[in-house]
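Colleague:
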Amino acid sequence: MEKDEKIIVVTADMGYGTFEALRDKFPDRFINTGVSEANAAGVSAGLALSGYTVFFYAQAAFVTLRCFEQVRLDIASNDLDVKLVGTSAGFTLCQYGVSHFALEDVAAMRSLPNMTVMCPGDIYEAEWATKASCSFKGPAYIRIGRSNSGPDVFIHPKKPSLKIGEPIIIRKGDKATVVSTGSMLFLAREVEKELHAKKINASLVSMPTVKPLNGPKTLNLFKKNKAVYVMEEHSVIGGLGSAISELVTDRGLPYKVVRLGTGDKFLHVAGSRDYLLSLHGLTAKKIAARIARDIKDKK
Amino acid sequence: MQKKQILNLEKKARELRSQIVRMIYRARASHIASAYSVLDIVLYLYGFILRVDPKNPKSPERDRFILSKGWAASALYVVLADKGFFKMKELDSYCTDGSKFIGIATMSGVPGIETTTGSMGHGLPVGAGMAVAGKKLKSKRRVFAVISDGELDEGSTWEAILFAGHNHLDNLVIVVDYNGLQSFGRTKDILNLDPLPDKFKAFGWAVTETKGHDFSFLARAFAKLPLQKGKPTAIIAHTVKGKGVSFMENKNEWHYKYPNEADLAAALKELSN
Numbered sequence: 002m003e004k005d006e007k008i009i010v011v012t013a014d015m016g017y018g019t020f021e022a023l024r025d026k027f028p029d030r031f032i033n034t035g036v037s038e039a040n041a042a043g044v045s046a047g048l049a050l051s052g053y054t055v056f057f058y059a060q061a062a063f064v065t066l067r068c069f070e071q072v073r074l075d076i077a078s079n080d081l082d083v084k085l086v087g088t089s090a091g092f093t094l095c096q097y098g099v100s101h102f103a104l105e106d107v108a109a110m111r112s113l114p115n116m117t118v119m120c121p122g123d124i125y126e127a128e129w130a131t132k133a134s135c136s137f138k139g140p141a142y143i144r145i146g147r148s149n150s151g152p153d154v155f156i157h158p159k160k161p162s163l164k165i166g167e168p169i170i171i172r173k174g175d176k177a178t179v180v181s182t183g184s185m186l187f188l189a190r191e192v193e194k195e196l197h198a199k200k201i202n203a204s205l206v207s208m209p210t211v212k213p214l215n216g217p218k219t220l221n222l223f224k225k226n227k228a229v230y231v232m233e234e235h236s237v238i239g240g241l242g243s244a245i246s247e248l249v250t251d252r253g254l255p256y257k258v259v260r261l262g263t264g265d266k267f268l269h270v271a272g273s274r275d276y277l278l279s280l281h282g283l284t285a286k287k288i289a290a291r292i293a294r295d296i297k298d299k300k
Numbered sequence: 079m080q081k082k083q084i085l086n087l088e089k090k091a092r093e094l095r096s097q098i099v100r101m102i103y104r105a106r107a108s109h110i111a112s113a114y115s116v117l118d119i120v121l122y123l124y125g126f127i128l129r130v131d132p133k134n135p136k137s138p139e140r141d142r143f144i145l146s147k148g149w150a151a152s153a154l155y156v157v158l159a160d161k162g163f164f165k166m167k168e169l170d171s172y173c174t175d176g177s178k179f180i181g182i183a184t185m186s187g188v189p190g191i192e193t194t195t196g197s198m199g200h201g202l203p204v205g206a207g208m209a210v211a212g213k214k215l216k217s218k219r220r221v222f223a224v225i226s227d228g229e230l231d232e233g234s235t236w237e238a239i240l241f242a243g244h245n246h247l248d249n250l251v252i253v254v255d256y257n258g259l260q261s262f263g264r265t266k267d268i269l270n271l272d273p274l275p276d277k278f279k280a281f282g283w284a285v286t287e288t289k290g291h292d293f294s295f296l297a298r299a300f301a302k303l304p305l306q307k308g309k310p311t312a313i314i315a316h317t318v319k320g321k322g323v324s325f326m327e328n329k330n331e332w333h334y335k336y337p338n339e340a341d342l343a344a345a346l347k348e349l350s351n
């Protein structure tokens with residue numbers, strides 16, 4: 002915002018404890034619309050039609066689903082330079098229940114023409130996604146989860162080199178390929194470690210872009226092993242697993258895509274994020290065991 | 079406003095209504111009654127109020143006009159053509175295969191269309207965003223949004239009304255095309271809006287009421303903008319759905335159906351008088 006005075010932030014009353022410094026530094030480029038996501042999306046469109054690059058910020062469930070129709074018509078159909086930033090994606094707000102879970106947002110955003118969808122997995126990727134979203138004029142959705150409650154906020158040992166649509170290989174292995182998008186990256190690393198303990202040398206891949214995907218580079222992931230395991234804190238319907246499956250089936254390729262996300266059911270319980278993920282079978286132990294079993298069966 | 083100007087406007091409005099009925103007849107399109115309801119307002123705004131240049135339709139300092147009730151696009155198209163944004167002849171393609179003149183106002187490359195509307199309750203939030211941008215850019219631009227009474231059922235419209243009042247957007251003007259009919263029937267029966275001026279006032283707006291088919295009344299309503307410094311302006315224009323063709327007036331069926339050959343002839347005859 003310091004370098005580009007056309008950047009403006011719109012929030013639907015979210016960001017308590019986060020945005021105060023930004024508001025005080027750039028009072029003219031910070032708009033709080035109040036709790037009114039539909040209006041905020043329309044206001045964002047009006048600002049973009051006046052030459053601004055807009056970052057519209059709210060919780061993931063609300064910035065996408067609450068005002069989906071405004072995002073579709075006002076922002077996406079007009080190809081406007083509005084970046085939707087959704088925080089608390091997936092089960093981040095684990096004690097709040099279905100109202101605050103965001104598990105369908107990627108599917109919804111991915112269905113919109115013109116929309117770029119990015120799910121960063123650690124702080125490096127988040128910084129990259131924010132900057133990368135400014136490298137083009139047009140709408141984007143940046144989905145921020147809380148992948149890890151501990152002090153460890155980086156997966157990549159150093160700032161990785163990233164490009165929109167391309168996978169990034171964190172560890173190379175030859176027995177299995179574990180792909181993760183967004184906040185599942187920390188759990189995916191645990192899966193890779195579990196496999197290592199079982200003497201299965203697995204590749205760990207992060208895909209911070211869900212749309213658009215670089216087809217050849219994504220399909221390259223199947224080169225060593227004809228199966229990939231796709232982990233995401235999102236419904237198995239419509240997320241990265243679906244996107245990769247579509248790439249494969251469109252080309253009629255003999256590959257296997259295992260979608261490891263939340264199942265087709267609502268959870269009506271409270272609990273920790275790890276607990277909720279476990280109800281969908283998403284634990285490092287279970288996933289590693291599944292992969293090991295698949296490898297054994299194949300032999 | 080002088081008597082002669084009024085007579086000229088009334089004549090122009092009859093010509094444009096004739097053009098609309100021909101377009102809608104040809105395309106077998108809907109929403110003729112909505113177009114007739116709003117036409118005089120749009121004609122007056124483009125004739126006397128809006129600072130827009132058909133030769134430079136993207137000028138940053140231009141006033142923004144949003145037809146939030148985008149399903150009345152035919153009324154906007156004929157006025158834009160009349161003002162020289164494009165040729166009236168181009169409207170022959172209205173609603174036909176591949177035409178950019180879509181039945182609902184869409185950012186399809188038609189000069190003068192500022193945003194896509196017609197899904198109800200979208201125009202005002204986008205207009206509020208343009209008005210905020212105008213303030214921030216220290217632009218003299220004003221934003222005009224024409225909304226239908228039915229759009230006042232939508233929560234997003236009221237979100238924007240609250241937002242505009244709170245932010246003192248006195249460069250924003252909305253005109254309510256208050257014809258008292260919505261999709262299923264009378265507004266009074268379906269979801270009553272009255273007392274409407276009081277609602278706007280309570281949300282921090284300056285309000286006036288006018289007659290939406292009487293150019294001398296319209297001239298008075300728009301004479302001083304904003305109505306009050308520091309407040310957005312709401313002009314509630316009382317209108318008649320289907321205005322100008324007697325058998326269409328106040329008949330909701332003309333929200334949907336298109337005129338047949340006999341209807342076309344009868345309408346053109348009435349409009350030529």
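Sequences listed follow chains X and G, in order.
Each residue of the first sequence is one higher than the one before, counting from 2 in the numbering used here.
Each residue of the second sequence is one higher than the one before, counting from 79 in the numbering used here.
By construction, the Cβ of each residue, glycine as well, lies at the ideal position given by its N, Cα and C atoms.
If contacts are defined as beta-carbon pairs under 8 Å, then ALA189(X) and LEU205(X) qualify, I think. What distance do you get, rounded to the angstrom?
Modeller: That pair is a contact at about 6 Å.
Colleague: Helix or strand or just coil, what does DSSP make of ALA59(X)?
Modeller: Residue state, collapsed to three classes: strand.
Colleague: Contact check, GLU126(X) vs PRO209(X) under 8 Å by CB: the rounded distance?
Modeller: Going by Cβ atoms, the distance from GLU126(X) to PRO209(X) rounds to 5 Å, so yes, they are a contact pair.
Colleague: Starting from the beta carbon of GLU192(G), find every residue of chain X whose beta carbon is closer than 8 Å, and list them in chain order.
Modeller: By Cβ distance, chain X contributes LEU50.
Colleague: Touch check for the stretch 268-287 of chain G and the stretch 310-317 of chain G: three-plus C-beta pairs under 8 Å?
Modeller: Because the criterion of three Cβ pairs below 8 Å is met, the stretch 268-287 of chain G and the stretch 310-317 of chain G touch.
Colleague: What are the residues of the stretch 208-231 of chain G that lie near chain X, defined by any Cβ-Cβ distance shorter than 9 Å?
Modeller: Taking 9 Å as the Cβ-Cβ cut-off against chain X, the residues of the stretch 208-231 of chain G that qualify are MET208, ALA209, VAL210, ALA211, GLY212, LYS214, LEU215, SER217, ARG219 and VAL221.
Colleague: Is the separation between the beta-carbon of LYS84(X) and that of ILE143(X) shorter than 8 Å?
Modeller: Cβ atoms of LYS84(X) and ILE143(X): closer than 8 Å.
Colleague: What residues in the stretch 232-243 of chain G have a beta carbon less than 8 Å from any beta carbon of chain X?
Modeller: Flagged, chain order: GLY233, SER234, GLU237, ALA238, LEU240 and PHE241.
Colleague: May I have a chain-ordered list of the alpha helix (DSSP H) segments no shorter than 4 residues that lie completely inside the stretch 156-237 of chain X?
Modeller: For the stretch 156-237 of chain X, whole alpha helix (DSSP H) runs of length 4 or above, ordered along the chain, are 186-198 and 216-220.
Colleague: Between THR219(X) and PRO168(X), which are expected to be in contact by the criterion C-beta below 8 Å, what is the C-beta distance as a whole number of angstroms?
Modeller: Indeed they touch by this definition, with Cβ atoms about 6 Å apart.
Colleague: For LYS266(G), I'd like the list of residues in its chain whose CB is within less than 6 Å of its CB, leaving aside the five on either flank, ordered along the chain.
Modeller: So no residue of the chain qualifies.
Colleague: According to the Cβ coordinates, are LEU259(G) and VAL99(G) closer than 8 Å?
Modeller: Cβ atoms of LEU259(G) and VAL99(G): not closer than 8 Å.
Colleague: What span of residues does the beta strand (DSSP E) with ALA315(G) cover, start to end?
Modeller: Residues 311-316.
Colleague: Under 7 Å between beta-carbons, which chain G residues line up against ILE32(X)? List them in chain order, please.
Modeller: Simply VAL210.
Colleague: Just how far apart, CA to CA, sit ILE145(X) and THR19(X)?
Modeller: Straight-line Cα distance between these residues: approximately 14 Å.
Colleague: Quick one: is SER197(G) near chain X, going by C-beta distance under 8 Å?
Modeller: True, the Cβ-Cβ gap to chain X drops below 8 Å.
Colleague: Just the Cα atoms here: how many angstroms apart are VAL44(X) and GLU237(G)?
Modeller: Looking at the two C-alpha atoms, the distance is approximately 11 Å.
Colleague: Measuring CB to CB, does VAL1(X) end up less than 8 Å from PHE57(X)?
Modeller: What the structure shows of chain X is the stretch from 2 to 300, and residue 1(X) is not part of that stretch, so it cannot be assessed.
Colleague: Which of the three DSSP states is assigned to THR174(G) in this structure?
Modeller: It is coil, neither helix nor strand.
Colleague: Start and end of the alpha helix (DSSP H) containing ILE304(X)?
Modeller: No answer is possible for residue 304(X): the residues shown for chain X start at 2 and end at 300.
Colleague: Please decide whether PRO310(G) counts as near chain X, where near means a Cβ-Cβ distance under 8 Å.
Modeller: With 8 Å as the cut-off, PRO310(G) does not count as an interface residue toward chain X.
Colleague: For my contact list, LEU121(G) and LEU94(G) are in at a C-beta cut-off of 8 Å; report their separation, rounded to the angstrom.
Modeller: 7 Å between Cβ atoms; contact.
Colleague: Could you pull the start and end residues of the alpha helix (DSSP H) that ILE8(X) belongs to?
Modeller: Per DSSP, ILE8(X) belongs to no alpha helix (DSSP H); it is in the beta strand (DSSP E), 8-12.
Colleague: For a test of the three-state rule: what should DSSP assign to GLU287(G), helix, strand or coil?
Modeller: In the structure shown, GLU287(G) sits in a strand (DSSP, three-state: E or B).
Colleague: Would you list, in chain order, the members of the stretch 178-192 of chain G that have their beta-carbon closer than 9 Å to a beta-carbon of chain X?
Modeller: If the cut-off is 9 Å between Cβ atoms, the stretch 178-192 of chain G has THR184, MET185 and GLU192 near chain X.
Colleague: Is ALA206(G) close to chain X, meaning its C-beta is less than 8 Å from at least one C-beta of that chain?
Modeller: Chain X contact via Cβ: present.
Colleague: Between the C-alpha atoms of ASP175(G) and THR194(G), what's the straight-line distance to the nearest angstrom?
Modeller: Roughly 19 Å separates the two Cα atoms.
Colleague: What residue does the beta strand (DSSP E) around SER226(G) start on, and which one ends it?
Modeller: From DSSP, the beta strand (DSSP E) with SER226(G) extends over 221-226.
Colleague: Kindly identify the DSSP beta-bridge partner or partners of MET119(X).
Modeller: DSSP, once it has assigned bridges, lists ILE143(X) and THR210(X) as partnering MET119(X).
Colleague: If we ignore side chains and look at the alpha-carbon of each, how far apart do GLN96(X) and HIS333(G) end up?
Modeller: Rounded to whole angstroms, GLN96(X) to HIS333(G) spans 49 Å at the Cα level.
Colleague: Within 10 angstroms of its Cβ, does GLN80(G) collect 16 or more other Cβ (buried), or is it exposed?
Modeller: Exposed, by the Cβ-count rule.
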